[in-house]
Structure formats: C-alpha cells, structure tokens
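Just so we're aligned, residue 58 is where the sequence shown starts under my numbering, counting upward by one. A quick write-up on the structure given underneath.
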Amino acid sequence: MQVALLANTAWLDEELPMFQHLIVGLIDEQVRVVQVVPSSLAVSECSVFGERLPWNETTWHWINQRRLRQLMDPLMDLQVNALHALDGRMWRAAGYLSRELGVPAILTANSHFDIPLARQLAPRLDPARTILLPTTDPIAEGLREAVGDRIEVQKIALGVYSPKNEKACNISEARAVVISGNGLMDRYYDALLNAIKRVQHHHPQVQFFFDGQGADQSLIWREAKRLGLSANTSLVPRRLGHREMLLRTDVLIHPQPQGRARGITLQAMAKGLPMIAMADPWLDHLIDDQTAWVVTNPTAEGFFDPLQRCLSDPSSARGLGERAQAWVHKNRLASAYIRRTLRAYRSLTGEGIPIAAGAAAS
58 MQVALLANTA WLDEELPMFQ HLIVGLIDEQ VRVVQVVPSS LAVSECSVFG
108 ERLPWNETTW HWINQRRLRQ LMDPLMDLQV NALHALDGRM WRAAGYLSRE
158 LGVPAILTAN SHFDIPLARQ LAPRLDPART ILLPTTDPIA EGLREAVGDR
208 IEVQKIALGV YSPKNEKACN ISEARAVVIS GNGLMDRYYD ALLNAIKRVQ
258 HHHPQVQFFF DGQGADQSLI WREAKRLGLS ANTSLVPRRL GHREMLLRTD
308 VLIHPQPQGR ARGITLQAMA KGLPMIAMAD PWLDHLIDDQ TAWVVTNPTA
358 EGFFDPLQRC LSDPSSARGL GERAQAWVHK NRLASAYIRR TLRAYRSLTG
408 EGIPIAAGAA AS
C-alpha cells in the first residue's frame, strides 16, 4: 500500500509530532508513505524513510488548491493508492485528486469547522471511496448529521507517544505558565488577564508566556501592559515545531473553546502537566479533575481559582497531572491511533493485513 499524507503549514505547526509518529508507525506496518508537505518544511522534519513531494504554499486558498491539483501526475507516477488529508483545509484537493486518480480519500476532521465543509463537499465525494475520520465524539456526531448515510464516519481519536515509565511533572514552585489560544483578544483573554493580575499579587515570580498560534497578539500585550503585567508577560513567536518547547512549562492554560482537537493538549497530559482549560463542547478529552481543571465560567474568578490552586498547592496540581497522564495511557496512545488509521485505509483499499513469513509457515 502506498499512501499520500496531505498536510499544510497551519496543521503541521500544531501537529508536527503527530505527523512524525504517523509516518514512522505506518512504515513500521509496511505501508509506503508519500509526504505531501509545503516546500517550507525543513527536510529534517520529514521522515527519511518515505517519499517527499513538496508543494509551494501561499496565503491564498484558491492558489493552494490549484497547486495541489497539479500534483496529480507525480502522485500517479508514485503509484499512490490512497490519499489522506490530515486537515480540513486539504479536503477539496484530496477530493479532486481522489476522483482523478481513482483512489480512496481519507479525510481527518479535527475541528467543528469541518462539519459545514463536509455538508458542502458530500455531493461531490464518492461514498465508496471516501471515509471521514473525526477525532472526537461531538465532531463525529456533527458529521453524521451533516452527511447522513452517504459517507462513512468513523471516529479515530488522536494519539500521542507516552512512555509508561515517564514521571509526571514534579511541581514544587511553579515559575512558568503557558497560555495557548488563538491569540485574538476576546472576553476569555480579558477574564484570564484579570485573573493573572490577582495571581501576581500572591506569586510575583511567575512568568506567563502567550502562544497565539501565529496570530498578532498586540492587543493582548496592550491589555497586559495596561494591567501592569508587562514584566511578567512574554509573547511566544511562531516557529514550526516550537510547541514542543512550550511543554517545558509548569502549567498549561487553554483560555478559549476553540472547537479543535489539538495535539499539544494530549502531549501535555502525557507529560503529566497540570492543565487549566475552558470548557469546550466539541472536545471529549477535557474531563474536569481528571485530565484538566475545566473552567465553565469565563470570568476572572473562574480562571483565578484553578490558577491559584496550581501555584499554591503543588501536590494537588501534581495529582491532576498524574491522573491526566494515566488517562492518556489508557485512551490516547499513538499506537492505537496508527492501528485504527491503518484499519480505515484497508477498509477502503481492500488490502488485507500482511502475514509475516514465519506465521504463514506455521
């Protein structure tokens, strides 16, 4: 089996570790992989064991679609027999290439924004050669309502690598807190900044690092400065792969309901990081007091209580991290994600599971 993995910069910026684990896992299962990635992605970030088919990405969506369609001949030459679009922004191109090449299309849905897109594209997708892979139960339910029985919908949750012997983070005196949202000033950031102002009086040594997924965070900086927080606040610049550095923090905060499954959330759980997250109806892995302290009231008080608890009660925060780590080991491992994804490939291509020579002889 030869599978083309279609990815864009926005998705890779979030999910580069997931991408790398998927490639290694598929190759380990004797699947040949073609990495259809932006030309800006460093060669060192790609697997040396798979083909690399670069495409020139721009900020213009329609130009990107045209350039991706021009990959038809190279994909045909590589004898690709399945296309896997890893982000909704790659679905249109995957659908077109699937029709032209006569091969199945596997479409991963990470966001609630993929639901209206699925409704729009469904009439142009071949039901016998298409499968939708939502990463959470709520997104799966939304997709089933959108496409009905026309296209198969199969939930495959994201998975992360997590060694069983890795200890949860040992928080003795938290000094770094990462806030990872979309970087756009709104009522959630406003509530959080006011909570941070209160926390600063009790813990003046703590530094807060704002990761905005590439957005211009100038309005957040302006508000932090107005509140007298500039000495304790830093804005994190966007660099491909920089999210791994963010996991070295003591506490992770997701201040908004973004309706998108993100690898950094699961990676933080796998490391045993205590996490504070705004309740999100599209996610099924934010479980209060088990995987995170979930904020249901987007006010300064709503954020202050769990943040103060993290900084003032290290044993409680450490216990939360340990529970999250145990939950990931049971429910969100990369091995299960790869195994289920491979099963979806084979259900469309009709390719059976290879049997080792020794097993066949026996």
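Yeah, the Cβ is synthetic: ideal placement off N, Cα and C, and Gly gets one too.
Checklist entry - Nearest to residue 137 by alpha carbon, out of 314, 78, 92, 100? => result Walking along the sequence shown from the start, residue 137 turns up at place 80. Comparing Cα positions, the closest option is 92.
Item to check | C-beta contact flag for residue 366 and residue 215 at 8 Å | outcome: Start at 1 with the first residue of the sequence shown, and residue 366 comes out as number 309. Start at 1 with the first residue of the sequence shown, and residue 215 comes out as number 158. No, the Cβ-Cβ distance between residue 366 and residue 215 is not below 8 Å.
Item to check | Identity of the residues DSSP links to residue 267 by a beta bridge | outcome: Position 210 of the sequence shown holds residue 267. DSSP links residue 267 through a beta bridge to 236, 292.
Next on the checklist: Out of 157, 144, 145, which one is the CA nearest neighbour of residue 131?
Outcome noted: If you number the sequence shown from 1, residue 131 lands on position 74. The shortest C-alpha separation from residue 131 is found at 157.
Checklist entry - To which residues of the same chain is residue 83 closer than 6 Å at the C-beta, ignoring the five residues directly before and after it? => result Counting from 1 along the sequence shown, the entry for residue 83 is found at position 26. Around residue 83: 90.
Item to check | Residue of 285, 139, 79 minimising C-alpha distance to residue 58 | outcome: Indexing the sequence shown from 1 puts residue 58 at position 1. The alpha carbon of residue 58 has as its nearest neighbour, out of 285, 139, 79, the alpha carbon of 139.
Checklist entry - Hey, how far is the Cα of residue 247 from the Cα of residue 402? => result As a first step, residue 247 is located in the sequence shown; it is residue number 190 there, counting from the start. As a first step, residue 402 is located in the sequence shown; it is residue number 345 there, counting from the start. One alpha carbon belongs to residue 247, the other to residue 402, and they sit about 44 Å apart.
Checklist entry - What residues match up with residue 309 in a beta bridge as DSSP calls it? => result Position 252 of the sequence shown, counting from 1, holds the residue named residue 309. Note: residue 309 sits in a beta bridge opposite 235, 332.
Item to check | Segments of 4+ residues assigned as alpha helix (DSSP H) that fall wholly inside the region 347-414 | outcome: The region 347-414 contains these whole alpha helix (DSSP H) runs: 357-369, 371-388, 391-406.
Checklist entry - Where do the N-terminal and C-terminal ends of the alpha helix (DSSP H) with residue 66 fall, by residue? => result In the sequence shown, residue 66 corresponds to position 9, counting from 1. Residue 66 -> alpha helix (DSSP H) spans 66-85.
Item to check | Three-way DSSP call (helix, strand, coil) for residue 198 in this model | outcome: One-based indexing of the sequence shown puts residue 198 at position 141. Residue 198: helix per DSSP, three-state reduction.
Item to check | residue 109 versus 117, 187, 127, 135, residue with shortest Cα-Cα distance | outcome: As a first step, residue 109 must be located in the sequence shown, where it is residue number 52. Answer by Cα proximity: 135.
Item to check | Classification of residue 105 by the beta-carbon crowding that lies within 10 angstroms, buried from 16 upward | outcome: Stepping through the sequence shown from its first residue, residue 105 is reached at position 48. Exposed: under 16 other Cβ atoms inside 10 Å.
Next on the checklist: Going by DSSP, what residue range makes up the beta strand (DSSP E) through residue 59?
Outcome noted: Residue numbering aside, residue 59 sits at position 2 when the sequence shown is read from its first letter. Element bounds for residue 59: 59-63.
Checklist entry - Should residue 74 be labelled buried (16 or more other beta-carbon atoms within 10 Å of its own) or exposed? => result Within the sequence shown, the letter at position 17 stands for residue 74. Buried: at least 16 other Cβ atoms inside 10 Å.
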